[in-house]
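Residue numbers (the working numbering), protein chains in the order written: chain C, -5 to 849; chain E, 27 to 275.
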């Protein structure tokens, strides 16, 4: 194909430098891949939430729930709503966490449990009550009948007429499958759905006369918004009326924070990819100085030259991004798998949205082009006189400018760091569940700014650090080691840039490890020091929120050897964007959970009896609450105020955001009576085996709950924690991988640049092995610089996170991540060695004669 | 100098100083020269005499410290970088010592490069391209890349490139410097013939007396000053003058 226009040269250049193009593109491919993977994961998640909620509220125009969004209210409201003008029909439902007790057994001999969201509905209005479609059979009409979702039925091998066992707070109940439902969008996180008749549900779950929601369909011609206002007025403030779509939108906006942090980690890979592009293009420009000068002499303007470099980058970005999509599809699958393992939430189908496709490519190209801007301007500045010079190289003028820039850059870097770091600390300190997207984004900008700042300081650290490694390398590898250290400092800017890319990934991993290790360490310390229980009882399926009644607690508390028990009732209340987590506790709570007060006296706990509240420290700070102030909560009977009796310093259960009331108040004001968690304290000198056996016997009818000894429970928390961390490490690992390719790229450039020098070394008797080692050692020096600085920066960043952090909602102590830091340094050695292998081979295989003749 | 003929390029009191203060080096000192239209001039002088700098300034590649360069009536000192670039594009052709072909382009694409840079459609140049390739004798090798061509062939491609848009002035920097003498002679002959055919002015920097002898006029530079001039000289005469020059420095 003949060249048609000047811009066509950009493509030729990419094709001519195939190896470098590929190496550079890998950064973009990986970066775009992980961004696409994360976008797809979050898109898949919000789609399944959205569909579920759309479907759970069905074809209804409006939904009536208790104020706060959870809790029950009287079923007579449904009749009342039906009587209002403008209402076509209204369907009551009682939504309950439940379980299916399966025939299969777990390792410990207890039956396996499948979490089930159960809806008590009226057969005649069931179609409106939820959005699930009936595909076979019918809705349940009488007690002992259940209509089940078809994917669960299929996985359990059930058909119509089959029998299931329901786990309820009152023990197991048999039910016959009479119909099958289809959940649009497939299964939701592996949770099963079922419908039973409303009266049966009320009886089995001890909620006589109660419902949790009403789906309302507006009459022909009545706008939903208008009906909402009308109902809202009539129903009073104990109930809330929402348009179904509003509810759905809120759910997805709650995923926002998680989504942004995932994107941030994914984004760093792309950011690191940009370093790679910058490095490679700067090098290409330097190599082509004479060619660029010639083009300028022939009449190409500065802008034309700069444009051709940008175009080259844009093409690279486009190809890289498209390849990244393919790769990203695989990544999305992997991430979904890891996510499922980490958060115990199965996702069966990937949702590939056009938004994710387009934005991954656009971001990929944009980042590449941005990284190319500076090299492009440099290319445009090449003097036409360069065409006449014998050898390519930078002119004196450029060198002076660089020298000035290199003196100013560390200062600018220090300024960036000193602005960014306090901001990160400030944000971490004020991190609450209601952080808005914009604030989040500014925190991310602060992190990126600090990284840029550190990157600007690195060039001045290259020489001293290389000097530090030099004697060690000399000891290990002889004279090549020392020469390699010297070589690494020859092109300080490039070494620094390569090391900086590595620093970003490594420091994130170390910071994250510091945060995780500290939180886990503090939890462990809390469990050891402050938890007085010997056994805890929790849902067998850890993601389930099944609950038990007071009977079970009473039974266990009367077992021989049991000194005391405490159970916790919880309720999530939503009022607009504000979410309150309310716990109902009993008088034996402080016997088992050590309570430390940040404010309020030791008698604060006894004031719960009078309807006062204890609040977590972080919540008190974010809402500006002091002892004696009143906290407002939405209840089914309208808004109520609770005086703050004390502020908890160690609210580990509520993550610092908890509001504690007495169980009696929670039952009276919120209709919440069932607990999800029970802690048991054994009497001194009692027979542990006997107690455990007793608890197991008591739980025989409740296989949806399992008893754990303290050691088992701790192990389980750590396991959950580590699984979640693996998920994040996998994402951050990609940016480390990208920067490793950066090291390969830099070393290849060094080899290319020093062809003549290598030839001379070989001519005077250096062996191939020695030449190869020279390159590998240089790789080790570069990546050790990156990893060392990464560990330092990561430790500091982790310290900021932890010190400022409300992460656990309690005082987190800083535990230094010794193992991850050591691993990061070893990783530096490994990356340097691996990255050096290929360029070292190229260097060792160069023909001496050609290398010397090379100009 | 023929009176009345048009002047292609002229310089007035041209000086170029590199560096500042005590480390300043004057590469050109008050050089005033006129190159009439159609002349083939050679510039000679020992290393460091300022001949390359003179060529850079004449070719609008670099700016003088003081003095003026006037190309076809336009004073270059008044032009912006962009205007200078456009002037090079429209009126100058360059032949370099190291050929400077783009390695990723074929011979004919390299010849067409100035047209591409000017944003013109290569099709418009189809006839001109054939003519030039025929002139430099590379019709058969037009689709080859620079690394598949010999040094002489590469320089012939470079000459065709310099001629493709029919510039007024061709600036050549040691065009024979990297060629053996036989090939070099061929290249010079080609340069001279084409300049005669298309009525172009050639300014060539060289240190090869035999190359200089093909020129209409030889200008001798020493220590940044014009020290001598010779019309239609023979190689021996040039060699003599050079020896004298080096003796006096």
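The beta carbon of each residue, even a glycine, is placed where N, CA and C say it ideally should be.
DSSP three-state call for residue 169/C: helix, strand or coil?
-> Working through the first chain from its first residue, we reach residue 169/C at position 175. Residue state, collapsed to three classes: strand.
May I have the straight-line CA-CA distance separating residue 545/C from residue 98/C, to the nearest angstrom?
-> Along the first chain, one-based indexing puts residue 545/C at 551. Along the first chain, one-based indexing puts residue 98/C at 104. Approximately 27 Å between the Cα atoms of the pair.
For residue 235/C, the nearest candidate out of 575/C, 569/C, 659/C (CA to CA) = Reading the first chain from its first residue, position 241 is the one you call residue 235/C. Out of 575/C, 569/C, 659/C, 569/C has the C-alpha closest to the C-alpha of residue 235/C.
If you check the beta carbons only, do residue 34/C and residue 350/C fall under 8 Å apart?
-> If you number the first chain from 1, residue 34/C lands on position 40. If you number the first chain from 1, residue 350/C lands on position 356. A contact, by the Cβ cut-off of 8 Å.
Residue 731/C CB to nearest chain E CB: under 8 Å?
-> Within the first chain, the letter at position 737 stands for residue 731/C. By this cut-off, residue 731/C is not an interface position.
Rounded C-alpha distance that separates residue 220/C from residue 68/C | In the first chain, residue 220/C corresponds to position 226, counting from 1. In the first chain, residue 68/C corresponds to position 74, counting from 1. The straight-line gap from Cα to Cα measures roughly 24 Å.
On the three-pair Cβ rule with 8 Å, is the segment 61 to 68 of chain E touching the segment 225 to 235 of chain E?
-> Using a Cβ-Cβ distance cut-off of 8 Å, the segment 61 to 68 of chain E and the segment 225 to 235 of chain E are in contact, since at least three pairs of beta carbons, one from each stretch, lie closer than that value.
Measure how close the beta-carbons of residue 567/C and residue 608/C come, nearest whole angstrom, since I'm counting them as under 8 Å.
-> Position 573 of the first chain, counted from the first residue, corresponds to residue 567/C. Position 614 of the first chain, counted from the first residue, corresponds to residue 608/C. That belief does not hold up - the Cβ atoms of residue 567/C and residue 608/C are roughly 16 Å apart, past 8 Å.
Compute the beta-carbon to beta-carbon distance between residue 685/C and residue 530/C, rounded to the nearest angstrom, for a pair I have assumed lies under 8 Å.
-> By one-based count along the first chain, residue 685/C stands at place 691. By one-based count along the first chain, residue 530/C stands at place 536. About 13 Å separates the two Cβ atoms, so there is no contact after all.
Residue 72/E to residue 256/E span [Cα, whole Å] = As a position in the second chain, residue 72/E is number 46, starting the count at 1. As a position in the second chain, residue 256/E is number 230, starting the count at 1. One C-alpha to the other measures close to 16 Å.
Members of the segment 80 to 99 of chain E that neighbour chain C once the beta carbon cut-off is set at 9 Å | Here the close residues are 81, 82, 85, 86, 87, 88.
Could you check which residue in 325/C, 382/C, 553/C has the C-alpha nearest to that of residue 692/C?
-> Position 698 of the first chain, counted from the start, is the residue given in the question as residue 692/C. That would be 553/C, whose Cα lies nearest to the Cα of residue 692/C.
Can a CB atom of chain C be found closer than 8 Å to the CB of residue 131/E?
-> Locating residue 131/E in the second chain gives position 105, counting from the first residue. Yes - at least one Cβ of chain C is within 8 Å of the one on residue 131/E.
Within the same chain, show all residues whose beta-carbon is closer than 7 Å to that of residue 143/E, passing over the 5 residues directly before and after it, in chain order.
-> Along the second chain, one-based indexing puts residue 143/E at 117. The residues are 115.
Counting only the same chain and skipping the five closest in sequence on each side, list residues whose C-beta sits under 6 Å from that of residue 110/C.
-> As a position in the first chain, residue 110/C is number 116, starting the count at 1. Closer than 6 Å at Cβ, skipping near neighbours: 92, 93, 94, 186, 188.
Compare the C-beta of residue 259/E with all C-beta atoms of chain C and state if any pair is closer than 8 Å.
-> One-based indexing of the second chain puts residue 259/E at position 233. Not an interface residue.
Expressed to the nearest angstrom, what Euclidean distance is found between the alpha-carbon atoms of residue 36/E and residue 94/E?
-> Indexing the second chain from 1 puts residue 36/E at position 10. Indexing the second chain from 1 puts residue 94/E at position 68. Each residue's alpha carbon lies about 8 Å from the other.
Is it right to say residue -2/C is buried, meaning 16 or more other beta carbons lie within 10 angstroms of its own, or is it exposed?
-> Residue -2/C sits at position 4 when you count from the first residue of the first chain. With fewer than 16 other Cβ atoms within 10 Å, it is exposed.
With burial defined as no fewer than 16 other Cβ atoms inside 10 Å of the residue's Cβ, what is the status of residue 206/C: buried or exposed?
-> Indexing the first chain from 1 puts residue 206/C at position 212. Buried.
Report all residues from its chain with a CB closer than 7 Å to the CB of residue 5/C; omit the five preceding and five following residues, and keep chain order.
-> Mapped onto the first chain, residue 5/C falls at position 11. 309.
Looking only at C-alpha atoms, which of 455/C, 790/C, 418/C sits nearest to residue 437/C?
-> If you number the first chain from 1, residue 437/C lands on position 443. Nearest option by C-alpha distance: 418/C.
When DSSP labels each residue in this structure, what does residue 262/C get in the three-state scheme?
-> The residue labelled residue 262/C in the question sits at position 268 within the first chain. The answer is helix: DSSP assigns residue 262/C an H, G or I state.
Which residues does DSSP pair with residue 39/C in a beta bridge?
-> Residue 39/C sits at position 45 when you count from the first residue of the first chain. DSSP, once it has assigned bridges, lists no residue as partnering residue 39/C.
Give every residue of the same chain whose Cβ lies closer than 6 Å to the Cβ of residue 9/C, excluding the five residues on either side of it in the sequence, and list them in chain order.
-> As a first step, residue 9/C must be located in the first chain, where it is residue number 15. Answer for residue 9/C: no residue qualifies.
For the segment 291 to 307 of chain C, enumerate the residues whose C-beta is nearer than 9 Å to any C-beta of chain E, in chain order.
-> 291, 292, 293, 294, 295, 296, 297, 298
How would you list, in chain order, the residues of chain C whose beta-carbon sits under 9 Å from the beta-carbon of residue 115/E?
-> In the second chain, counting from the first residue as 1, residue 115/E sits at position 89. Going along chain C in sequence order, the residues near residue 115/E (Cβ under 9 Å) are 292, 293, 294, 295.
Would you kindly work out how many angstroms separate the C-alpha atoms of residue 161/C and residue 204/C, rounded to a whole number?
-> Numbered from its first residue, the first chain carries residue 161/C at position 167. Numbered from its first residue, the first chain carries residue 204/C at position 210. Between the alpha carbons of residue 161/C and residue 204/C lies a gap of roughly 20 Å.
Given residue 538/C as reference, the closest of 598/C, 669/C, 583/C, 14/C once Cα atoms are compared | On the first chain, position 544 is the one that residue 538/C refers to. It is 669/C.
At 7 Å on the CB atoms, spell out the chain E contacts of residue 7/C, in chain order.
-> To locate residue 7/C, count along the first chain from 1; it is residue 13. Chain E residues near residue 7/C: 130.
Per DSSP, which one or two residues make a beta bridge with residue 542/C?
-> Residue numbering aside, residue 542/C sits at position 548 when the first chain is read from its first letter. Answer by DSSP bridge pairing, in chain order: 669/C.
With distances taken Cα to Cα, identify the nearest neighbour of residue 28/C among 719/C, 341/C, 326/C.
-> Here the question's residue 28/C lines up with position 34 in the first chain. The residue with the shortest Cα to Cα distance from residue 28/C is 326/C.
With 8 Å set as the bound, which would you pick, yes or no: does the beta-carbon of residue 143/E sit closer than that to a beta-carbon of chain C?
-> Start at 1 with the first residue of the second chain, and residue 143/E comes out as number 117. By this cut-off, residue 143/E is an interface position.
Cβ-Cβ distance between residue 648/C and residue 577/C below 8 Å = Position 654 of the first chain, counting from 1, holds the residue named residue 648/C. Position 583 of the first chain, counting from 1, holds the residue named residue 577/C. Pairing residue 648/C with residue 577/C gives a Cβ-Cβ distance under 8 Å.
At least one CB of chain E closer than 8 Å to the CB of residue 280/C: is that the case?
-> Translated into the one-based positions of the first chain, residue 280/C becomes position 286. Chain E, which has no Cβ nearer than 8 Å to the Cβ of residue 280/C, makes this no.
Using the C-alpha atoms, what's the distance from residue 402/C back to residue 199/E?
-> Along the second chain, one-based indexing puts residue 199/E at 173. Along the first chain, one-based indexing puts residue 402/C at 408. Cα to Cα, residue 199/E sits roughly 39 Å from residue 402/C.
Contact test: residue 495/C Cβ vs the ligand MN heavy atom, cutoff 7 Å = Ligands in the displayed structure: none, and consequently the ligand MN is not present.
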